[in-house]
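According to the working numbering, the sequence shown is numbered sequentially starting from 4. Beneath this line is the structure, given in structure tokens, with notes to follow.
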Amino acid sequence: MIPTEDASARKREIEEKLKQEQETLSFIRENLEKSDQLTKSMVSILSSFESRLMQLENSIIPVHKQTENLQRLQENVDKTLSCMDHVISYYHVAKDTDKIIREGPTGRLDEYLACIAKIQKAVEYFQDNNPDSPELNTVKARFEKGKELLEAEFRNLLNRYSKPVPPILILDAIGVDEELEVQDDGVMEHLPQAVLQDIICIAGWLVDYGHNQDFMTIYFQIRSNQLDRSIKGLKDHFRKNSASSGILYSPAVQTKRKDTPTKKAPKRPGHGTSAAQLGMGMGLLGVQCLAQGHFDMWSGRAGCESPTLWSVGGWHLSSQYVMIGTIRKAQNLLKQYSQHGLDGKKGGSNLTPLEGFDHDLRVKHHSDTLNEKHGATTGKDDVLDIEIDSYIHCISAFVKLAQSEYTLLTEIIPEHHQKKTFDSLIQEALDNLMLEGENIVSAARRAIMRHDYSAVLTIFPILKHLKMTKPEFDATLQGTAASTKNKLPTLITSMETIGAKALEEFADSIKARSLNFNHRPLDGTVHELTSNAILFLQQLLDFHETAGAMLASQETSSTSSSTSEFNKRLLSTYICKVLGNLQLNLLSKSKVYEDSALSAIFLHNNYNYILKSLEKSDLIQLVTVTQKKAESSYKELIEQQIQTYQRSWVKVTEHLTDRNMPVFQPGTKLKDKERQVIKDKFKGFNDGLEELCKVQKGWAIPDKEQRDFIRQAQKRVVSDAYRAFLQRCANISFTKNPEKYHKYRPEEVEEMIEKLFDTSA
Numbered sequence: 004m005i006p007t008e009d010a011s012a013r014k015r016e017i018e019e020k021l022k023q024e025q026e027t028l029s030f031i032r033e034n035l036e037k038s039d040q041l042t043k044s045m046v047s048i049l050s051s052f053e054s055r056l057m058q059l060e061n062s063i064i065p066v067h068k069q070t071e072n073l074q075r076l077q078e079n080v081d082k083t084l085s086c087m088d089h090v091i092s093y094y095h096v097a098k099d100t101d102k103i104i105r106e107g108p109t110g111r112l113d114e115y116l117a118c119i120a121k122i123q124k125a126v127e128y129f130q131d132n133n134p135d136s137p138e139l140n141t142v143k144a145r146f147e148k149g150k151e152l153l154e155a156e157f158r159n160l161l162n163r164y165s166k167p168v169p170p171i172l173i174l175d176a177i178g179v180d181e182e183l184e185v186q187d188d189g190v191m192e193h194l195p196q197a198v199l200q201d202i203i204c205i206a207g208w209l210v211d212y213g214h215n216q217d218f219m220t221i222y223f224q225i226r227s228n229q230l231d232r233s234i235k236g237l238k239d240h241f242r243k244n245s246a247s248s249g250i251l252y253s254p255a256v257q258t259k260r261k262d263t264p265t266k267k268a269p270k271r272p273g274h275g276t277s278a279a280q281l282g283m284g285m286g287l288l289g290v291q292c293l294a295q296g297h298f299d300m301w302s303g304r305a306g307c308e309s310p311t312l313w314s315v316g317g318w319h320l321s322s323q324y325v326m327i328g329t330i331r332k333a334q335n336l337l338k339q340y341s342q343h344g345l346d347g348k349k350g351g352s353n354l355t356p357l358e359g360f361d362h363d364l365r366v367k368h369h370s371d372t373l374n375e376k377h378g379a380t381t382g383k384d385d386v387l388d389i390e391i392d393s394y395i396h397c398i399s400a401f402v403k404l405a406q407s408e409y410t411l412l413t414e415i416i417p418e419h420h421q422k423k424t425f426d427s428l429i430q431e432a433l434d435n436l437m438l439e440g441e442n443i444v445s446a447a448r449r450a451i452m453r454h455d456y457s458a459v460l461t462i463f464p465i466l467k468h469l470k471m472t473k474p475e476f477d478a479t480l481q482g483t484a485a486s487t488k489n490k491l492p493t494l495i496t497s498m499e500t501i502g503a504k505a506l507e508e509f510a511d512s513i514k515a516r517s518l519n520f521n522h523r524p525l526d527g528t529v530h531e532l533t534s535n536a537i538l539f540l541q542q543l544l545d546f547h548e549t550a551g552a553m554l555a556s557q558e559t560s561s562t563s564s565s566t567s568e569f570n571k572r573l574l575s576t577y578i579c580k581v582l583g584n585l586q587l588n589l590l591s592k593s594k595v596y597e598d599s600a601l602s603a604i605f606l607h608n609n610y611n612y613i614l615k616s617l618e619k620s621d622l623i624q625l626v627t628v629t630q631k632k633a634e635s636s637y638k639e640l641i642e643q644q645i646q647t648y649q650r651s652w653v654k655v656t657e658h659l660t661d662r663n664m665p666v667f668q669p670g671t672k673l674k675d676k677e678r679q680v681i682k683d684k685f686k687g688f689n690d691g692l693e694e695l696c697k698v699q700k701g702w703a704i705p706d707k708e709q710r711d712f713i714r715q716a717q718k719r720v721v722s723d724a725y726r727a728f729l730q731r732c733a734n735i736s737f738t739k740n741p742e743k744y745h746k747y748r749p750e751e752v753e754e755m756i757e758k759l760f761d762t763s764a
């Protein structure tokens, strides 16, 4: 039970809280009443504002609408006036632009194009709004006139500023000297930059607004002419400088030349010369040099048969951007040999000296005679040297110039017309180059019909260069017509065909060479046929890849593309065929000699010359590709001929043997018959020795090493036999006049043999 005091306290506490709550409730009621009064006052104020605002709106809106209408009317008036001015300006365009149009765009292209734009807009306006207006015809005529003047300006700018590229820049561009530092002013610039921008601007307008493609025809005609003139200028540069300076130097000829006083010596012969230097040493007279037949070889054909010791490639053989100058010298020698054989001149030698080969005074005299008679021919051959070099450089120049022209063309001609325009642009220059190449092929073909096979040597450097240039050529002509791209491959095929034909006919001509008795070397020296054939093969070595490709181009049995190794084997087989045919011919020619010893000397000289030439020129490496024992076979043949020659001395040394020699007893007196036997032996030896020395003294062995070897071997055999014979007869009295029979001491015999093969002794 809760105590009373606690209950009273609790009651008082509750009553106090109730009183507080009642006071709070009273406060809230008062505030609500005040809030209602404020709300009513605000509603009254807003209602009054709304009423006044509606009154204001009803007064302002009509004014606003009226003002807006007035502004719209003002704008319409302004637009109408502007349109009227614009329309009226179309009627005055012809008059306003008349002066500028008549004066043309020269010197003020931007202003002129702005006038053309005005005229074009006037044309469009009249076409859309008043097609029957006479003003339409007026502005149309003015527009066409303006377009014509723009085309004329396009043509005039191209004609005025398009110039042939100077030969010096062309030679620099094609890399005559890779070490040449080309200056900024040496860049191949076809048009000044400002002029180029004007041309680009005109071309763009003609395409976009003129709807005219005639300017593309104008462009390719003018630039095509300049391209052709640039190449012809290069040719003229060759010809003029060669004629004025007389220096027949070609950068394609990798041979050393004298340095010009103001230039440093070139590091690489033939490629260390600047274009300016190069121009001083070139000339050009035309392809007709070939057609005139400056390179006659031998003529006349006849069959011959001979025993064979070994065979190569099916042909029996008894038990070979490059040097254009070398080719020219070879052709000159071939011509000299063919026109002035040395056969009829005793002791004459017609071979190009090799190391170890020397010539006597007769050879020097004959060489001087040839030089006197053929100085003019050599000059013509020099001209051909330059002609070949010129054509090679013109091919390279065409590629570089065509690339430069295409770069220029891409800035001026629309993209979808670029390839077609470029195709047309290069046609004239390309056709001229291809025609010149065909002329070379035709001239070579005619030369081959005359059996002038050295003409094929002209094709080698050209064909080699064409093949080297072909990838760049194809890349440059990419996108042109098929007929255009096929021109160079067609020319290459023609050259390969005629070259292969010349090579095959040359090989056949070696075998079929006439056996003319009067054309044999009387001294048994190297035959001109041998030196000619070796000289020809040595040129193939300089262009072995080209020659191999020539032969491979005619191979129909192989369907796969030719490889370098395949071509090398073909060339090796061909060289072996030529050598086999040459040996067959030499064997037949050797039979013309009545003296078997001279026949042996003849074969020995020729075999030795062939072997030394093969070894010196590295032709032996090509030969051994298909004939491994070629070198040893030739050495065996040479040794066989030496042995055959040595047998000619048997008729001398047989008198020194014991055959028919009487048996001598000490103190026994010889009978007359026995004395006569000894006398006959001495006389036979003396006569035979004198006769052989007299005859063989006029024979020739150009190789000093071989000549000394044969002399020493013969001295040893004869001297030993003679000394032994004298020793046997030393104590025998067979005559009252021993000096009559014992004419020569052994030393004198050796001296006589030492003078063999030497008419000057």
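Using N, Cα and C, we set each Cβ at its ideal position, and we do this for glycine too.
State the DSSP-derived secondary structure class of D706, mapped to helix, strand or coil. Start at 1 with the first residue of the sequence shown, and residue 706 comes out as number 703. Here D706 sits in strand by DSSP.
### Task
Please report how far the alpha carbon of K743 lies from the alpha carbon of T647, in whole angstroms.
On the sequence shown, position 740 is the one that residue 743 refers to. On the sequence shown, position 644 is the one that residue 647 refers to. If you take the alpha carbons of K743 and T647, they lie about 32 Å apart.
Check your understanding: How many Å lie between T629 and S635 at the Cα?
Key -> Start at 1 with the first residue of the sequence shown, and residue 629 comes out as number 626. Start at 1 with the first residue of the sequence shown, and residue 635 comes out as number 632. C-alpha separation (whole angstroms): 14 Å.
Original post:
To the nearest angstrom, how far is it from the Cα of N435 to the Cα of A510?
Top reply: In the sequence shown, the residue the question calls residue 435 occupies position 432. In the sequence shown, the residue the question calls residue 510 occupies position 507. In this model, N435 and A510 are separated by some 34 Å (Cα to Cα).
Would you verify that the beta carbon of L237 is, or is not, closer than 9 Å to some beta carbon of chain C? No chain C appears in the structure shown, which is made up of a single protein chain.
- Would you mind sorting A176 into buried or exposed? The rule is 16 or more other CB atoms within 10 Å of its CB. For this step, residue 176 is matched to residue 173 along the sequence shown. Buried, since its Cβ has 16 or more Cβ neighbours within 10 Å.
**Report entry** Buried or exposed by the 16-neighbour rule on C-beta atoms within 10 Å, applied to R226
**Finding:** Your numbering for residue 226 matches position 223 in the sequence shown. Looking at its Cβ environment, which holds 16 or more other Cβ atoms inside 10 Å, R226 is buried.
* **Cβ-based neighbour list, E475, same chain, cut-off 6 Å, excluding 5 preceding and 5 following** => For the purposes of this step, residue 475 is identified with residue 472 of the sequence shown, where counting begins at 1. Within the same chain, E475 has close Cβ partners V402.
Considering only C-alpha positions, which residue in the set Y164, I221, D455 and D101 is nearest to E147? On the sequence shown, position 144 is the one that residue 147 refers to. When Y164, I221, D455 and D101 are compared, the shortest CA-CA separation from E147 is found for D101.
So, with DSSP's three-state summary, where would you put K697? Against the sequence shown, residue 697 aligns to sequence position 694. The three-state reading of DSSP puts K697 in helix, counting H, G and I together.
Original post:
How would you label L28, buried or exposed, when you count the other beta carbons within 10 angstroms and need 16 or more for buried?
Top reply: By 1-based counting over the sequence shown, the position of residue 28 is 25. Exposed, by the Cβ-count rule.
Proximity below 9 Å, CB of F129 to CB of F218: Taking the first residue of the sequence shown as 1, we reach residue 129 at position 126. Taking the first residue of the sequence shown as 1, we reach residue 218 at position 215. Contact flag unset, no.
Identify which residue in R731, T141 and Y115 has its Cα closest to the Cα of H95. Position 92 of the sequence shown, counted from the start, is the residue given in the question as residue 95. Looking at the Cα atoms, T141 is the closest of the given residues.
Fill in: Sequence-distant residues of its chain with Cβ nearer than 6 Å to R448 (five each side left out)
The sequence position of residue 448 within the sequence shown is 445, counting from 1. Taken in chain order, the residues that qualify are I501.
>> Measuring straight from C-alpha to C-alpha, what distance separates I173 and H240?
In response: For the purposes of this step, residue 173 is identified with residue 170 of the sequence shown, where counting begins at 1. For the purposes of this step, residue 240 is identified with residue 237 of the sequence shown, where counting begins at 1. Cα to Cα, the separation comes out at about 11 Å.
| Beta-carbon gap between A550 and L585 smaller than 9 Å | Translated into positions along the sequence shown, residue 550 becomes position 547. Translated into positions along the sequence shown, residue 585 becomes position 582. Not a contact, by the Cβ cut-off of 9 Å.
Fill in: Backbone secondary structure at I395 - three-state DSSP
Numbered from its first residue, the sequence shown carries residue 395 at position 392. Three-state DSSP puts I395 in a helix.
Helix, strand or coil at S651 [DSSP, three-state]: Position 648 of the sequence shown, counted from the first residue, corresponds to residue 651. Helix.
Handout entry: CB of L606 within 9 Å of CB of L590, strictly
Key = Mapped onto the sequence shown, residue 606 falls at position 603. Mapped onto the sequence shown, residue 590 falls at position 587. Pairing L606 with L590 gives a Cβ-Cβ distance under 9 Å.
**Prompt:** Grouping DSSP H, G and I as helix and E and B as strand, with all else coil, what is T487?
**Reply:** What you label residue 487 is simply residue 484 of the sequence shown in a count that begins at 1. Residue state, collapsed to three classes: helix.
- Query: For M191, which of helix, strand or coil comes out of DSSP?
  - Reply: Looking up residue 191 in the sequence shown gives position 188. In the structure shown, M191 sits in coil (DSSP, three-state: anything other than H, G, I, E or B).
| message | Check whether the region 409 to 417 and the region 430 to 446 are in contact - that is, three or more C-beta pairs closer than 8 Å. | response | Contact between the region 409 to 417 and the region 430 to 446 is absent, because fewer than three Cβ pairs lie under 8 Å.
For H454, three-class secondary structure by DSSP = Position 451 of the sequence shown, counting from 1, holds the residue named residue 454. When secondary structure is reduced to three states using DSSP, H454 falls in the coil class, being assigned neither helix nor strand.
- prompt: Grouping DSSP H, G and I as helix and E and B as strand, with all else coil, what is Q557?
  reply: Translated into positions along the sequence shown, residue 557 becomes position 554. Three-state result, Q557: coil.
Note to self: Given a cut-off of 9 Å on the beta-carbon distance, is the pair L412 and L194 in contact?
What the structure shows: Position 409 of the sequence shown, counted from the first residue, corresponds to residue 412. Position 191 of the sequence shown, counted from the first residue, corresponds to residue 194. No Cβ-Cβ contact shorter than 9 Å links L412 with L194.
If L659 and F569 are in contact, beta carbons under 8 Å, what's the gap, nearest whole angstrom? By 1-based counting over the sequence shown, the position of residue 659 is 656. By 1-based counting over the sequence shown, the position of residue 569 is 566. That pair is no contact at about 60 Å.
Q. Is it right to say T424 is buried, meaning 16 or more other beta carbons lie within 10 angstroms of its own, or is it exposed?
A. Here residue 424 corresponds to residue number 421 of the sequence shown, with the count starting at 1. Residue environment analysis places T424 among the buried positions, since at least 16 neighbouring C-beta atoms fall within 10 angstroms of its C-beta.
Less than 9 Å separating the beta-carbons of Q709 and N609?
Within the sequence shown, the letter at position 706 stands for residue 709. Within the sequence shown, the letter at position 606 stands for residue 609. No, the pair does not count as a contact, with Cβ atoms beyond the cut-off.
Tell me which residue opens and which closes the alpha helix (DSSP H) that D211 is part of. Numbered from its first residue, the sequence shown carries residue 211 at position 208. Looking at the DSSP string, the run of the alpha helix (DSSP H) that includes D211 is Q196 to D211.
Buried or exposed: which applies to K580, given that a residue is buried once 16 or more other Cβ atoms fall within 10 Å of its Cβ?
Stepping through the sequence shown from its first residue, residue 580 is reached at position 577. So K580 ends up on the buried side.
Cutoff 6 Å; reference A197; Cβ partners in own chain excluding five residues on either side: For the purposes of this step, residue 197 is taken as the residue at position 194 of the sequence shown. Closer than 6 Å at the Cβ level, and outside the excluded window around A197, lies no residue.
Quiz prompt | Three CB pairs or more closer than 8 Å across the region 79 to 87 and the region 114 to 131 | solution = No contact exists between the region 79 to 87 and the region 114 to 131.
| said: Below 8 Å on the Cβ atoms is my contact criterion, and I expect L673 with I735 to pass it. Report the Cβ-Cβ distance as a whole number of Å. | reply: Translated into the one-based positions of the sequence shown, residue 673 becomes position 670. Translated into the one-based positions of the sequence shown, residue 735 becomes position 732. Contact between L673 and I735 holds: CB atoms are separated by about 7 Å, below the 8 Å threshold.
query = Whose CA, out of K615, L759 and E677, lies closest to the CA of Q541?
reply = Numbered from its first residue, the sequence shown carries residue 541 at position 538. Nearest of K615, L759 and E677 to Q541, Cα basis: K615.
Where M755 and S445 are concerned, what is the direct C-alpha to C-alpha distance, given to the nearest angstrom? Numbered from 1 along the sequence shown, position 752 holds the residue referred to as residue 755. Numbered from 1 along the sequence shown, position 442 holds the residue referred to as residue 445. Spanning the two alpha carbons is a distance of roughly 57 Å.
- Message: I want to know whether the region 756 to 763 touches the region 689 to 708 - three or more CB-CB distances under 8 Å.
- Response: With the cut-off at 8 Å, the region 756 to 763 and the region 689 to 708 touch.
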